Amino acid sequence: MQVLKTLLFISALLAANPALAQLKGFETGPVFKDFGPTAAVETSAPLAKHVQYKIAFDVAKKADPAKLNRTIESAARFINMHVKAGIPAENIRIAIVVHGGASGDLVKQEIYGARNDGANNGSAAAIAVLQKHGVSFHLCGQSAAAYSISKDDLLPGVLMSLSAMTAHALLQQDGYTLNPF
Numbered sequence: 496m497q498v499l500k501t502l503l504f505i506s507a508l509l510a511a512n513p514a515l516a517q518l519k520g521f522e523t524g525p526v527f528k529d530f531g532p533t534a535a536v537e538t539s540a541p542l543a544k545h546v547q548y549k550i551a552f553d554v555a556k557k558a559d560p561a562k563l564n565r566t567i568e569s570a571a572r573f574i575n576m577h578v579k580a581g582i583p584a585e586n587i588r589i590a591i592v593v594h595g596g597a598s599g600d601l602v603k604q605e606i607y608g609a610r611n612d613g614a615n616n617g618s619a620a621a622i623a624v625l626q627k628h629g630v631s632f633h634l635c636g637q638s639a640a641a642y643s644i645s646k647d648d649l650l651p652g653v654l655m656s657l658s659a660m661t662a663h664a665l666l667q668q669d670g671y672t673l674n675p676f
């Protein structure tokens, strides 16, 4: 019984402080200091420094209330790990296409809180920081309609697309590849 209590205590402690839950050897930075941890890896072949990365991330799963959306953090991880590996930040362009339940992660705090028992939007601060680094956010208009989200409800800078399918099609025509994670 004592072992179970100890495990529950540790689990609660890790849930309350995500920094403690970070895996050994993973660090944030060099671009995003508060999120997007990565590990240094000795690769079999060096990455070419001149390559232009244009990556679209697809986000459908909603974050737990007050938590950073995992796929949005993955986009930050992509940037952090490649800059850490020597790729110039200006060679990395990221677009995040959001649909389904994750649509609610792109709304202003007053809307988010009203829909999540007063919880803070745990993705809002990261979205603002990512946008300052050129990351674009595209909300599926069909999902927005399904979840009663208007353009006025969106966090600053979030773009409303006709649909996620349309956003992905246009991004692919602009040279973006879809990240499968």
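For reference, each letter of the sequence shown is one residue, going 496 to 676 in my numbering. Cβ atoms here follow ideal geometry from the backbone N, Cα and C, with glycine treated the same way. These figures come from a predicted structure and were not determined experimentally.
Hey, Asn586 and Pro525: beta-carbon distance below 8 Å or not? no
Could you check which residue in Glu537, Thr672, Ala662 and Leu518 has the C-alpha nearest to that of Val592? Ala662
Using 8 Å as the threshold, is the C-beta distance between Tyr671 and Ile550 below it? yes
What did DSSP end up calling Ser656 once you bin it into helix, strand or coil? strand
Am I right that Ala540 and Phe521 are in contact with their C-beta atoms under 8 Å? What's the rounded C-beta distance? Not a contact, Cβ separation roughly 22 Å.
Less than 7 Å separating the Cβ of Ser643 from some heavy atom of the ligand NAP? The ligand NAP is not part of this structure, which contains no ligands at all.
What does the Cβ neighbour count give for Pro675, buried or exposed, with the cut at 16 atoms within 10 Å? exposed
Going by Cα to Cα distance, which pick from Glu537, Ala558, Val578 and Thr538 is closest to His628? Val578
If contact is defined by three or more beta carbon pairs under 8 Å, each pair taking one atom from either stretch, is the stretch 599-609 in contact with the stretch 631-647? yes
Minimum C-alpha distance to Ala614 - residue among Ala590, Lys646 and Leu563: Leu563
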